[in-house]
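What follows is a short report on a single structure.
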Amino acid sequence: MKAYFTFFKIRFINGLQYRAAAYAGVATQFAWGFMTILMFSAFYKSNPENFPMTFENLTTYIWLQQSFLALFMAWFFDNEIFDSISSGNVAYELCRPTGLYEMWFVRSLSSRIYRVVLRCSPILIVAAFLPAPYGISLPVDIMAFFLFILSLALGSFLMVSINMLIYASTFYTISPMGIRILSVSIFELFSGAIIPLPFLPDNVHRIFNLLPFASTQNTPFLIYNGYLSGKSVFHALLLQIAWLFTFVLFGKLLFRDALKKVVVQGG
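Position 37 (the sequence shown) corresponds to 504 in our numbering; numbering is contiguous.
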């Protein structure tokens, strides 16, 4: 465990050096957040009573989405991992006295967290000072805030465990590009990244909520703005835990099977 923590810390500290990229990302996320809010504002003005959540709750959801984008952006992958599999350099990784799945899991998680650390605070601070209803509001109560933090952690672990399956698939394919494009398209739709899931028709919404993608960013953000409350919160948390356990278990089994069959040419 100490080895994985050390690897996480080294990766995290190295990532904090890329501040210029973080500032560019913050500017981009501000622009995208304002554009999305203004788009929804036009719909709300036409018929404000025909929406599943208030406009203030929606803007809170959008600013949270932009603040924690690095944790849940489906298109982000560690290209070094793909290259190590394709080039055969994974052989060097296997020489380390650590599990390959665990090491890459920690590596992927660290890469996402340091990006959030650099980008999250400026967005949240500015959004907090925006006039209502265009800014971010406080959580409904202190319990919702702590449940939001717990759900956010579970969602980020689940996001990385989904990524691990994409990495594992590279052992069985010539190029990872196809599965990457397909996974990003599916994730963006089913996770609420494009449209918050409550805005979908009720039947579709209920089905999407049961899928693992909704347990990443959709669940913590809806807990924060109060859309999920009471027993529905604990049901959502249990679903997150169940999907996380399933994906980690399946990912480790897939890695074990792939490493039994992997062939490294030369050397």
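For each residue, glycine too, the CB sits at the ideal point set by N, CA and C. It should be emphasised that the depicted structure is a prediction, and the values quoted were computed from it without experimental measurement.
Please tell me whether I603 and W542 are closer than 7 Å, where the distance is taken between their beta carbons.
Counted from its first residue, the sequence shown places residue 603 at position 136. Counted from its first residue, the sequence shown places residue 542 at position 75. No. Outside cutoff.
According to the neighbour-count rule (16 or more other Cβ atoms, all chains shown, within 10 Å of its Cβ), is R582 buried or exposed?
As a first step, residue 582 is located in the sequence shown; it is residue number 115 there, counting from the start. R582 comes out buried.
Ordered along the chain, which non-local residues of its own chain (more than five positions away) have a Cβ less than 8 Å from that of F717?
Looking up residue 717 in the sequence shown gives position 250. Result list for F717: L632, in chain order.
Could you tell me whether the segment 557–573 touches the segment 517–533, using the rule of 3 or more Cβ pairs below 8 Å?
no
Could you pull out every residue in the same chain whose Cβ sits closer than 6 Å to the Cβ of H702, ignoring the five residues on either side in sequence?
The residue given as residue 702 occupies position 235 in the sequence shown. Sequence-distant partners of H702 (beyond 5 residues in either direction) whose C-beta falls short of 6 Å from its own C-beta are missing from its chain.
Assign I480 to buried or exposed, taking buried as 16 or more other Cβ atoms, counted over all protein chains shown, within 10 Å of its Cβ.
Here residue 480 refers to the residue found at position 13 when the sequence shown is read from its first residue. Exposed, since its Cβ has fewer than 16 Cβ neighbours within 10 Å.
Count the CB pairs spanning the segment 682–691 and the segment 612–632 that are closer than 8 Å, and state whether there are at least three.
yes
Would you mind giving the Cβ-Cβ distance between V627 and L576, rounded to the nearest angstrom? I have them listed as a contact below 8 Å.
Counted from its first residue, the sequence shown places residue 627 at position 160. Counted from its first residue, the sequence shown places residue 576 at position 109. That belief holds up - the Cβ atoms of V627 and L576 are roughly 5 Å apart, short of 8 Å.
Quick one: is S699 buried, meaning 16 or more other Cβ sit within 10 Å of its Cβ, or exposed?
Within the sequence shown, numbered from 1, the residue matching residue 699 stands at position 232. With fewer than 16 other Cβ atoms within 10 Å, it is exposed.
Using 7 Å as the limit for Cβ to Cβ distance, is R574 near chain C?
Protein chains in the displayed structure number just one, and chain C is not present.
Quick one: is Y490 buried, meaning 16 or more other Cβ sit within 10 Å of its Cβ, or exposed?
Counting from 1 along the sequence shown, the entry for residue 490 is found at position 23. Flag for Y490 reads exposed.
Buried or exposed: which applies to L483, given that a residue is buried once 16 or more other Cβ atoms fall within 10 Å of its Cβ?
Against the sequence shown, residue 483 aligns to sequence position 16. With fewer than 16 Cβ atoms within 10 Å of its Cβ, L483 is classed as exposed.
What is the DSSP secondary structure of N630, reduced to helix, strand or coil?
Stepping through the sequence shown from its first residue, residue 630 is reached at position 163. Helix, per DSSP.
Please return the same chain residues whose Cβ sits closer than 8 Å to the Cβ of F549, not counting the five positions on each side in sequence.
For this step, residue 549 is matched to residue 82 along the sequence shown. Cβ contact annotation for F549 (same chain, cutoff 8 Å, sequence separation greater than five): Y634, T637 and P643, in chain order.
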